[in-house]
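Residue 341 is where the sequence shown starts when you use our numbering, and the numbers rise one by one after that.
Report on the structure given below.
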Amino acid sequence: MAKISRPPFVNDLFAQYFSLWMGFICIFVCVLFPLTISTVQADTGRKKIAMVIMAGDSVVVARVFKEIEQLPGIAGKYSFSFYTDREIRSNRVKKGQIQESDIVLADFMNKGIVDFLASNLKKNSKVYSLRCAYLADKLKNKGINLNTQTEEYYRSATHENVKNLLFLVLSREGGKFSYGKPFLLPKSGIFHPDAPNIFSTFGEYIKWYKKSAKYNPQGFWVGIHTFSNSVLKERGKVEAYMINSLEKEGINTLSVFGRPPYHKFLEEFFLDKQGKPR
Numbered sequence: 341m342a343k344i345s346r347p348p349f350v351n352d353l354f355a356q357y358f359s360l361w362m363g364f365i366c367i368f369v370c371v372l373f374p375l376t377i378s379t380v381q382a383d384t385g386r387k388k389i390a391m392v393i394m395a396g397d398s399v400v401v402a403r404v405f406k407e408i409e410q411l412p413g414i415a416g417k418y419s420f421s422f423y424t425d426r427e428i429r430s431n432r433v434k435k436g437q438i439q440e441s442d443i444v445l446a447d448f449m450n451k452g453i454v455d456f457l458a459s460n461l462k463k464n465s466k467v468y469s470l471r472c473a474y475l476a477d478k479l480k481n482k483g484i485n486l487n488t489q490t491e492e493y494y495r496s497a498t499h500e501n502v503k504n505l506l507f508l509v510l511s512r513e514g515g516k517f518s519y520g521k522p523f524l525l526p527k528s529g530i531f532h533p534d535a536p537n538i539f540s541t542f543g544e545y546i547k548w549y550k551k552s553a554k555y556n557p558q559g560f561w562v563g564i565h566t567f568s569n570s571v572l573k574e575r576g577k578v579e580a581y582m583i584n585s586l587e588k589e590g591i592n593t594l595s596v597f598g599r600p601p602y603h604k605f606l607e608e609f610f611l612d613k614q615g616k617p618r
């Protein structure tokens, strides 16, 4: 049988390509592998902080994480992550992600968050409550102690409040960080997205409203009752759009917030002294 051989230039070309390819693989392995190892080693040396929150708070929390991760004393020592109630409902948060966290801060207003953490947290886990620790009986029955000092900060989840509560937690866990007092909203009040402050009475509000040229003497009033967090510019964008849209049509707006019992402050703000609608 005749022996088939490749022309010399084909063998040379093949050898060149093969050498180049093997060289690329060697470089890839030598460069990537040490980087991968060092990255893992660096990450294992950092304390892991996890926040389990409502999806509506994720934008504020993400912005705070991005800011503080660059600060001296934070970078290289701590890693931050957050998981939302929506991710938990869709089974995108795994047991290991929570169990490997050194510190967990959780919003217990959501039952799904309570159930998930009760099933996956270890008994010796360090847990700080962001809201409604009194609803987390399942964790307490499991022997998990909840630190509630952070709730005062998260009551109004502003950028500064979230940042200060994280500094508070890190300080309690041995870090040396300064933190300010929480910004607290009043129990009830009248607000407007364009107003410089919150109003405690209708008299104060109407005085500002007329001065701002938003008041329409021929227009009727629309009362809006919403959550206190809607007062915050980063959280009340829907309410702000609705208020501004109504006012463009010549309709006066009266936006209020408050805590239970709701009927007390609703009567105070929406009705006059004779009990009639404003």
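We put the beta carbon where it would ideally sit given N, CA and C, even for glycine.
Measuring CB to CB, does tyrosine 423 end up less than 7 Å from valine 433?
-> yes
Thinking just about the alpha-carbon of each residue, which of Val596, Phe420, Gly543 and Lys577 is nearest to the one in leucine 525?
-> Val596
Leucine 411 classed as buried or exposed, judged by whether at least 16 other C-beta atoms fall within 10 angstroms = Result: exposed.
Residue nearest to lysine 550 in terms of C-alpha spacing, selected from Glu440, Asn584, Asn592 and Ile438 = Asn592
Cβ neighbour criterion (16 or more within 10 Å) applied to lysine 463 | exposed
Range covered by the alpha helix (DSSP H) that runs through aspartate 534 = First-last for aspartate 534: undefined, no H or E at that position.
Taking three-plus beta-carbon pairs below 8 Å as touching, is the region 504-524 in contact with the region 472-485?
-> These segments do not touch.
Which of helix, strand or coil does DSSP assign to serine 469?
-> Strand, per DSSP.
Alpha-carbon to alpha-carbon, alanine 395 and valine 404 = 15 Å
Report, in whole angstroms, the separation of the C-beta atoms of leucine 455 and arginine 471, which I expect to be a contact under 8 Å.
-> Residue identity check: residue 455 is aspartate in the sequence provided, not leucine. Incorrect: roughly 16 Å between the Cβ atoms, too far for contact.
In this structure, does DSSP put arginine 618 in helix, strand or coil?
-> coil
Aspartate 534: buried (16+ other C-beta within 10 angstroms of its C-beta) or exposed?
-> exposed
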